[in-house]
Structure formats: structure tokens, C-alpha cells
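Peer 1:
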Amino acid sequence: MTRVALLLIGVIVVLVGAPGAGAEKRARLADRLRQGFGESAVALAKAEAQREGNERRRAIAPPGVKPIGPYSPGILAGDFLYVSGQGGRDADGKLPGTIDGQVRQTLQNVKAIVEAAGWTLEHVIYSQVYLADMAHYDVMDRVWKEFFSKAPPARAVLGVYKLPTDIAIEINAVAFRDLTRKRRIVPAGYPQNLSWSPGIVAGNRLYLSGFLGADVVTGRMPHDPDAQVQLALDNMKQTLAAAGMDFRHVVFVNPYLTDNASRQMNDIYAKHFEFGNTPARATIRVTSLPGGNTIELTGVAVADLSGRLAVRPKNMSPSATASPCVFADDTYYCSAKGPFTPGPRNLQGIWVGTVEAQVRQTMRNLLDGLEEAGLALSNVVATNVYLDDMNDFTRMNRIYAQYFPDTPPARTTVAQLAPTDRTPRNEDTYPGLEQISLIAVK
1272 MTRVALLLIG
1282 VIVVLVGAPG
1292 AGAEKRARLA
1302 DRLRQGFGES
1312 AVALAKAEAQ
1322 REGNERRRAI
1332 APPGVKPIGP
1342 YSPGILAGDF
1352 LYVSGQGGRD
1362 ADGKLPGTID
1372 GQVRQTLQNV
1382 KAIVEAAGWT
1392 LEHVIYSQVY
1402 LADMAHYDVM
1412 DRVWKEFFSK
1422 APPARAVLGV
1432 YKLPTDIAIE
1442 INAVAFRDLT
1452 RKRRIVPAGY
1462 PQNLSWSPGI
1472 VAGNRLYLSG
1482 FLGADVVTGR
1492 MPHDPDAQVQ
1502 LALDNMKQTL
1512 AAAGMDFRHV
1522 VFVNPYLTDN
1532 ASRQMNDIYA
1542 KHFEFGNTPA
1552 RATIRVTSLP
1562 GGNTIELTGV
1572 AVADLSGRLA
1582 VRPKNMSPSA
1592 TASPCVFADD
1602 TYYCSAKGPF
1612 TPGPRNLQGI
1622 WVGTVEAQVR
1632 QTMRNLLDGL
1642 EEAGLALSNV
1652 VATNVYLDDM
1662 NDFTRMNRIY
1672 AQYFPDTPPA
1682 RTTVAQLAPT
1692 DRTPRNEDTY
1702 PGLEQISLIA
1712 VK
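The opening residue of the sequence shown carries number 1272 in the working numbering; numbering runs sequentially from there.
1) The alpha helix (DSSP H) that contains Phe1418, what's its start and end?
2) Determine the closest residue to Met1667 out of Thr1554, Gly1609, Glu1705, His1543, with distance taken between C-alpha atoms.
3) As a quick exercise: from Leu1641, Ala1330, Gly1620, Leu1560, pick the residue whose alpha carbon is nearest that of Ser1594.
4) Quick check: what's the CA-CA separation for Leu1286 versus Gly1645?
5) Between the C-alpha atoms of Ser1355 and Leu1434, what's the straight-line distance to the nearest angstrom?
6) Could you tell me the distance, in whole angstroms, from the CA atom of Ile1346 to the CA atom of Asp1538?
7) Assuming Gly1356 is part of the beta strand (DSSP E), what are its boundary residues?
8) Looking only at C-alpha atoms, which of Val1488, Leu1560, Leu1576, Asp1505 sits nearest to Asn1531?
9) Looking at the unbroken alpha helix (DSSP H) that takes in Pro1496, where does it start and where does it end?
10) Quick one: residues in its chain with C-beta nearer than 6 Å to the C-beta of Asn1548, no 5 flanking neighbours on either side, listed in chain order?
11) Specify the secondary structure class of Gly1640 as computed by DSSP and reduced to three states.
12) Taking DSSP as the reference, what is the three-state secondary structure of Arg1328?
13) Alpha carbon to alpha carbon, how far is Val1336 from His1543? Give it in angstroms, no decimals.
14) Looking at Gly1358: is its Cβ nearer than 9 Å to the Cβ of Gln1379?
15) Using DSSP bridges, identify the partner residues of Val1400.
16) Just to confirm, are Tyr1401 and Ala1444 a CB contact at a threshold of 9 Å?
17) Pick helix, strand or coil for Pro1423, following the three-state DSSP scheme.
18) Excluding five sequence neighbours on each side, which residues of the same chain lie with their C-beta closer than 6 Å to the C-beta of Cys1596?
19) Nearest-angstrom Cα distance between Val1428 and Trp1390?
20) Can you name the start and end residues of the alpha helix (DSSP H) that Gln1373 belongs to?
21) Within 10 angstroms of the Cβ of His1394, are there 16 or more other Cβ atoms? Answer buried if so, exposed if not.
22) Which term fits Lys1585, buried or exposed, when burial requires 16 or more other beta carbons within 10 angstroms of its beta carbon?
23) Count the other C-beta atoms from every protein chain shown that fall within 10 angstroms of the C-beta of Ala1681, then say buried if there are 16 or more, exposed otherwise.
24) Compare the beta carbon distance of Asp1659 and Leu1637 with 9 Å and say whether it is the shorter of the two.
25) Could you spell out where the beta strand (DSSP E) holding Arg1455 opens and where it closes?
26) Could you compute how far the alpha carbon of Ala1686 sits from the alpha carbon of Ala1553?
27) Which runs of the alpha helix (DSSP H) at least 4 residues long sit entirely within the segment 1655–1701? Give them in chain order.
28) Return the CA-CA distance between Lys1416 and Gly1349, expressed in angstroms with no decimal places.
29) Give the list of continuous alpha helix (DSSP H) stretches no shorter than 4 residues that lie fully inside the segment 1604–1643.
30) To the nearest angstrom, report how far apart Leu1465 and Asp1663 are at their CA atoms.
31) Taking its Cβ as the centre, do 16 or more other Cβ atoms sit within 10 Å of Lys1713, making it buried, or is it exposed?
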């Protein structure tokens, strides 16, 4: 077989695996390939497509940087750069003695990764900021403005219980290659001196800041937690509309909740999305949110609905609140998964009690979503790991590393709440000790 023929097959394999291609179409074309060229040719074409995909994903690291775990400082995938959660330690592991110093060093670390890709901080379009103490918000915001003085990125800020190596702040980021296709979205009525942008359009994608259940001008919250949920959704809707979109365009949402959040959040949230076609979602309880808020919603949307496709493994039922994974063009956003065993209702549950075993089950659950779309762990460009106890960091890393032996994705790791009681729920089931969400690129 000529190389030209093989490459043609590879192109077809890539095309039929695109978000808009149905399973029946993929199977029909695969059969034709087998009849014309044989199983070995199909396998070679898939391998060629995988190799080319790997070449489109490149690890980015500043000189002298040594990650403390199985992750890449940055992953460049197409037009997007995914930056791992950065802390306040310098390249030698030294931690500044002040919060101002930690924030400054953290942002310098983000900057170094972006510059290692050949870009500048102007290319940063989205960020999540994790604070071990929400009292440090004002210091963070003041230093942030020094780094992002013009058209700042969309941003979500949340308070968590503990961060790796006892740092006080962790910041991750997404950057975008083409500044001519970057546009700041500020709905009418918003204050003009914000240190963050309500939304940033990057090509066909819209990154949405963390929207609180409070008035965007006065900061006042309704007394009713249910009304706070609705107001957070209304604030998100306003920015979507300013970008020419609505809730149908959303592909991923992080609802962040405190202990005082509405117990009706899911019911209120579900009214805004089509059953079975909801965004992927990672719902995370946190220690605190800015201004004493109880809910914050942040996420990503895609402008062209023809590039949006929800994907559900066969072992999962449709949901009113979250799709397992959703495509935005070639990018695949997957909901947070824990060590829950799917299957018949009477067999569902968390059946393993150690962090190591739970991480393995979680990775199996994530693989279900990836494989349903014809993807693999090698397609993953970024993950968020939520630990019950930061003391499990090393144990989690040991197992996690086995699933990403080559060019591991960018990663952010936090312990969002105080450790839970690990007593078995009954003689067979256990509390969850970790969750992982991911982003993959075809």
C-alpha cells in the first residue's frame, strides 16, 4: 500500500471521528475501509491519526522548571494553551514570606509558561484562582491588576481548604494564540473598572467568568438561597446574550457551592437546559466564595452550535443536570467523575475505600466518556483533581502517573473542603475521596 493511500485512510478516520459524525456512519465507513484495504491498514491509519494528534499537543515548560507531580506546566493544543495550576514557589522551591509576594510569584510562574510558548499575558483569556483564605482576595486582586491592566481575562475565584505544598494561592489559565480573534465581552450596566472580564470570546469559544448570586453593580445578595442561584444564572445569561449566545451554547459549567447554598440548585439549574443535552459539569463544594456568596457559576460556551455535541456512554442514563462529556469543535469537556461504579441501581455505589483504588475507578469512568467519542487518555490536555485530603497527594500521584506515562496533561490539584469522615457508609460502600474532570482535544 502506498503512503498516499495510507494517509488518505488516516484523513477519513479523523473525519469520521469528528463531533458531527454519528456512530452508524463511522461503522459504515470503517467497514468499507476494511473491505478495501484490510484490518491492518485500518489499524495503521488509526495509529497515524493518533500520532498526528499527539504532535498537535505539545508540552510547554520554562527553562529550569521541575514539576512536583505527573503533569506538564503547560500543554499547547492547536490555538489554545492550558496552564497548570501555579503556586507561589519559585524555580528553587522558595516561598515568599508575604501574601503579596506569593501572588506575585504565582503570576510570574503563569507568565513564564505563557512566554515559553512564545506568547504574552495578553493572550491569557481565562483563569481560575484558588485561595486558601478568602481574606487575601483584595491583595490578590491588587497584584492581578498589575499583570492584567488591559482587557483582563475572564476569571473565577474560590476559597479552598488546602493547596499543594502549603501554598496560599494557586492559579491556572487558558491562553489563545490569535489576538485578532479575541474579544472582550462586557454587558451593558457593568462597572467599567473591573479587574476581570465577564466574558472573553476566543475564536468560536466563549469563556465565562465566575458569576455570583449577587447584583453585579451593588454586590447585594438576595436573602433566599434559591434566588441567589437564579441570579447567578441570570448573570451568566446576560453575558452569553452580549456575545450573541444563550444557554444552548454552553458546553461546560463549574457550579461552586458553599455549605449555605440552596439545596434546590439542581432543580433551578435544570430548567435552563435541554434534558439529555446539558453541558458537562463539575459541581464542587468549597469553603468560601467572594463577598460571602453561596454560589458561583463559571464555564465555556461555543458560538457555532454545529460544533457542539453531547456524548453519553451506554452505561449512563440521560441527566437533567449534566452530560458526561460535550464537544466544542475539536475540544472535549468531560464532567467530574469520582470512584462511583455505574450499572443497575442496586449495584451503584463506591465499593472501594482507598485513594489508590478510587483513583483507578475514577480513571475507568473517565475512559468510558473518552472511548465513547473515539478518544483516549493520550488526548487529554488538562485535568482538575479534587482531593478529600491533601495528605493523599503523593498516593494519588502514584496511581495517576500510571495513566499518563508520556506528556501528562496540565493539572490543577486542590483539597476544596476539610477531610471527610472515612468511616464506611455501610459494610460495603465508602465516602468518595477524590474527583477528576478533564479536557481532551481530538
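We treat Cβ as the ideally placed atom computed from N, Cα and C, and that holds for glycine.
Peer 2: Short version:
1) Per DSSP, Phe1418 belongs to the alpha helix (DSSP H) from 1408–1418.
2) Between Met1667 and the set Thr1554, Gly1609, Glu1705, His1543, the nearest pair of CA atoms involves Glu1705.
3) Nearest of Leu1641, Ala1330, Gly1620, Leu1560 to Ser1594, Cα basis: Leu1641.
4) Interpretation of Leu1286 is limited by its pLDDT of 43, a score under 50 that renders its predicted location unreliable; the figure taken from the coordinates is listed afterwards. If you take the alpha carbons of Leu1286 and Gly1645, they lie about 12 Å apart.
5) Between the alpha carbons of Ser1355 and Leu1434 lies a gap of roughly 13 Å.
6) Here the C-alpha atom of Ile1346 lies approximately 36 Å from the C-alpha atom of Asp1538.
7) Following the DSSP letters along the chain, one finds Gly1356 inside the beta strand (DSSP E) bounded by residues 1351–1357.
8) It is Leu1560 whose Cα lies nearest to the Cα of Asn1531.
9) It spans 1496–1513 - the alpha helix (DSSP H) in which Pro1496 sits, taken as one unbroken run.
10) Excluding residues within five positions, the ones whose Cβ falls inside 6 Å are Ala1581.
11) In this structure, Gly1640 counts as helix in the three-state DSSP scheme.
12) Reduced to three states, the DSSP call for Arg1328 is strand.
13) If you take the alpha carbons of His1543 and Val1336, they lie about 44 Å apart.
14) Annotated as distal: Gly1358 and Gln1379, with beta-carbon spacing of 9 Å or more.
15) DSSP lists Val1428, Ile1442 as the bridge partner or partners of Val1400.
16) With respect to Ala1444, Tyr1401 sits apart: the two C-beta atoms are not nearer than 9 Å.
17) The answer is coil: DSSP assigns Pro1423 none of H, G, I, E or B.
18) Excluding sequence neighbours, Cys1596 sits near Ala1551, Val1582, Tyr1603, Cys1605, Gly1640.
19) Put simply, the backbone Cα of Val1428 is about 24 Å away from that of Trp1390.
20) Where Gln1373 is concerned, the enclosing alpha helix (DSSP H) stretches over 1370–1387.
21) That one is buried.
22) When all chains shown are included, Lys1585 counts as exposed.
23) Its Cβ being crowded by 16 or more others within 10 Å, Ala1681 is buried.
24) Taking 9 Å as the Cβ cut-off, Asp1659 and Leu1637 do not qualify as a contacting pair.
25) Start and end: 1453–1456.
26) Put simply, the backbone Cα of Ala1686 is about 15 Å away from that of Ala1553.
27) The qualifying runs are 1664–1674.
28) So the two alpha carbons sit approximately 28 Å from each other.
29) Entirely contained in the segment 1604–1643, the alpha helix (DSSP H) runs reaching 4 residues are, in chain order, 1626–1643.
30) Rounded to the nearest angstrom, the two C-alpha atoms are 38 Å apart.
31) Lys1713 should be labelled buried.
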